[in-house]
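Data first, discussion second: the structure below is written as C-alpha cells.
There are 4 protein chains.
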Amino acid sequence: MHQLSADMRACIEECLRCHSTCLGTAMNHCLEQGGPHVEPQHFRIMITCAEICQTSAKVMLIGTRHHQHTCRECAEICEECATSCARLGGMEECVQACRRCAESCRRMAA
Amino acid sequence: MHQLSADMRACIEECLRCHSTCLGTAMNHCLEQGGPHVEPQHFRIMITCAEICQTSAKVMLIGTRHHQHTCRECAEICEECATSCARLGGMEECVQACRRCAESCRRMAA
Amino acid sequence: MHQLSADMRACIEECLRCHSTCLGTAMNHCLEQGGPHVEPQHFRIMITCAEICQTSAKVMLIGTRHHQHTCRECAEICEECATSCARLGGMEECVQACRRCAESCRRMAA
Amino acid sequence: MHQLSADMRACIEECLRCHSTCLGTAMNHCLEQGGPHVEPQHFRIMITCAEICQTSAKVMLIGTRHHQHTCRECAEICEECATSCARLGGMEECVQACRRCAESCRRMAA
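Residue numbers (this note's numbering), protein chains in the order written: chain A, 675 to 784; chain B, 675 to 784; chain C, 675 to 784; chain D, 675 to 784.
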C-alpha cells in the first residue's frame with residue numbers, strides 16, 4: 675500500500691484502533707457495568723463511533739477524494755463519543771482512542 | 675422498529691438496495707465485462723457507494739441525529755456513482771438504485 | 675444482478691432484513707427497555723446476528739463459493755438470536771426475521 | 675479491553691491488518707495493474723478476504739463464542755487469498771498479511 679501517504683496510513687490506523695476500542699468497550703465493559711453505561715444516548719454514540727471509524731478507514735483505503743467528508747464526520751462523532759465516555763469515568767482507553775482519532779481525521783479532512 | 679418514521683424506513687430500504695446493487699454489480703457485471711468497467715475511478719466510486727449506503731442505513735438504524743450528515747454524504751456519492759454508471763451504459767439497474775437512494779437520502783438530510 | 679439465482683436473491687434479502695431488524699431493535703427497543711434486554715449475553719447475540727447477516731449477504735453478492743460456510747454460520751447464529759428474543763418476549767418482529775433468515779441460509783448452505 | 679486475552683488481541687490486530695491490506699491493495703494496486711489483477715476470481719477472493727477479516731475481528735470484539743467459527747472460515751479464506759496473490763507476483767505485502775492472519779485465526783479456532 676505504498677500509494678498512501680504516511681499521514682493517511684496513520685489516520686487509517688487510528689480509525690481502526692478507535693473502531694476496535696469503541697466496539698470492544700461497549701460490548702464488554704459497558705454491558706457488564708450496566709446503569710449509565712447502557713443508557714441509550716451513551717451506548718448509541720459508542721456504536722455510531724465504531725461504525726463511522728470503520729467507514730472512514732475504508733474510504734481512505736478505497737482511495738476516492740470522499741475521505742475528506744467521511745473524515746470530517748468521523749472527527750465530529752469521535753469528539754462526541756470522547757465527551758460521553760469522559761463524563762462516565764473509567765473509560766480512559768476509549769476517551770484517548772477517540773481523541774487521537776478525531777485529531778488525525780481533522781488533519782485528513784482539511 | 676415502530677420507532678422509525680415511514681420516511682426513515684423507506685430511506686433505510688433504499689440504502690440497502692443501493693448497497694446490494696452496487697456491490698453485486700461491481701463484483702459480477704463489471705469484473706466480467708472488464709475494460710472501462712474496471713477502470714479505477716469507476717470501480718472505486720461503486721465500492722465507495724456500496725460502503726456509504728451501508729453506513730448510512732446503519733446510522734439511521736442506530737438512531738443518532740448524525741444520520742443527517744451521513745445521509746447528505748450518501749446522496750452526493752450516489753449521484754456521482756449514478757453518473758459514472760450512466761456514462762458506461764448497460765448499468766441501468768445501478769443508475770436507478772443510486773438515483774432513488776440519493777433522492778431519499780437528500781430528504782433525510784434536510 | 676441477473677446472475678444471481680432467485681433463491682440467492684431471496685436469501686440476500688432475508689439477511690439484510692434480519693440485519694436491520696436486529697440492529698434497529700437492539701439499539702432502540704432493547705436499550706430503552708433495559709433490564710434483561712441489555713443483559714450481556716442477549717445483547718451480544720443480537721449484535722453478532724446483525725453482523726453475520728450483513729457478512730452473509732455480502733459474500734453472496736461478491737459471488738465466491740464461500741457463501742456456503744458463511745450462510746451455515748449465519749443460520750446457526752440466527753437460531754440462537756431467535757431463541758434469546760423469544761425467551762424475553764415482546765420481540766416478535768425480531769424472532770420472525772431471525773427464523774426466516776435461518777431457514778433461507780440453511781437452504782443456501784446445503 | 676483488558677478482558678481479552680493476549681492471543682485474541684493479537685488475532686484482532688492481524689485480522690484488521692489483513693483487512694486493510696487486502697482492501698487497499700485490491701482498490702489501488704490491482705485496479706491500476708489491470709490484466710490478471712482484475713480477473714474475477716482473484717479480485718473476488720481479495721474482497722471476500724477483506725470482508726471476512728473484518729467480521730472475524732468484530733465477532734472477537736463483541737465477545738461471543740462464535741468467533742471460533744468465524745476465525746476458522748477466516749483462516750481458510752486468507753489461505754486461498756494468499757495463494758491467489760502469490761501466483762500473480764508483486765503482492766508480497768498481501769501474501770504475508772494473509773498468511774499471518776490465517777495462522778493467528780487457526781489458533782483462535784482451535
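C-beta: ideal position from N, C-alpha, C; glycine also.
Inset, instruction - State yes or no: is the beta carbon of residue 743/B nearer than 9 Å to at least one beta carbon in chain C? - result: no
Inset, instruction - Evaluate contact between the stretch 752-760 of chain A and the stretch 719-726 of chain A, counting only Cβ atoms and requiring at least three cross-stretch pairs below 8 Å. - result: Yes, since at least three Cβ pairs between the stretch 752-760 of chain A and the stretch 719-726 of chain A fall closer than 8 Å, the two stretches touch.
Inset, instruction - Please classify residue 730/C: does DSSP put it in a helix, a strand, or coil? - result: DSSP places residue 730/C in helix when its eight states are reduced to three.
Inset, instruction - Could you check what DSSP says for residue 698/D in three-state terms: helix, strand or coil? - result: helix
Legend entry - Where residue 740/B meets chain A, residues with beta-carbon distance less than 9 Å: 719, 722, 726, 747, 750, 751 and 754
Inset, instruction - With 9 Å as the threshold, decide whether the Cβ of residue 733/D is near any Cβ in chain C. - result: Chain C contact via Cβ: present.
Legend entry - Residues within the stretch 678-696 of chain A neighbouring chain B, beta-carbon criterion of under 8 Å: none
Inset, instruction - Determine the direct distance from the alpha carbon of residue 709/D to that of residue 742/B, and round the result to whole angstroms. - result: Roughly 41 Å separates the two Cα atoms.
Legend entry - Interface residues of the stretch 759-771 of chain C facing chain A [CB-CB below 8 Å]: none
Legend entry - Where residue 709/A falls: helix, strand or coil (DSSP): helix
Legend entry - residue 697/B versus 745/B, 771/B and 736/B, residue with shortest Cα-Cα distance: 771/B
Inset, instruction - Please state whether DSSP places residue 738/C in a helix, a strand or coil. - result: coil
Legend entry - Cutoff 9 Å: residue 713/D Cβ touching any chain B Cβ: yes
Inset, instruction - Return the Cβ separation of residue 704/C and residue 711/C in integer angstroms, given the expectation that the two are a contact with Cβ distance under 8 Å. - result: 4 Å
Legend entry - Contact check, residue 768/D vs residue 748/D, beta carbons under 9 Å: no
Inset, instruction - Could you work out which residues of chain D lie near residue 708/A, taking near to mean beta carbons separated by less than 7 Å? - result: Simply none; closest approach about 15 Å.
Legend entry - Nearest-angstrom Cα separation, counted from residue 701/A out to residue 700/C: 12 Å
Legend entry - residue 745/B to residue 737/A span [Cα, whole Å]: 20 Å
Inset, instruction - Hey, could you find the ends of the alpha helix (DSSP H) residue 782/D is sitting in? - result: 766-783
Legend entry - CB contact flag (residue 758/D, residue 689/D, <9 Å): no
Inset, instruction - Examine chain C for any beta-carbon lying closer than 9 Å to the beta-carbon of residue 782/A, and answer yes or no. - result: no
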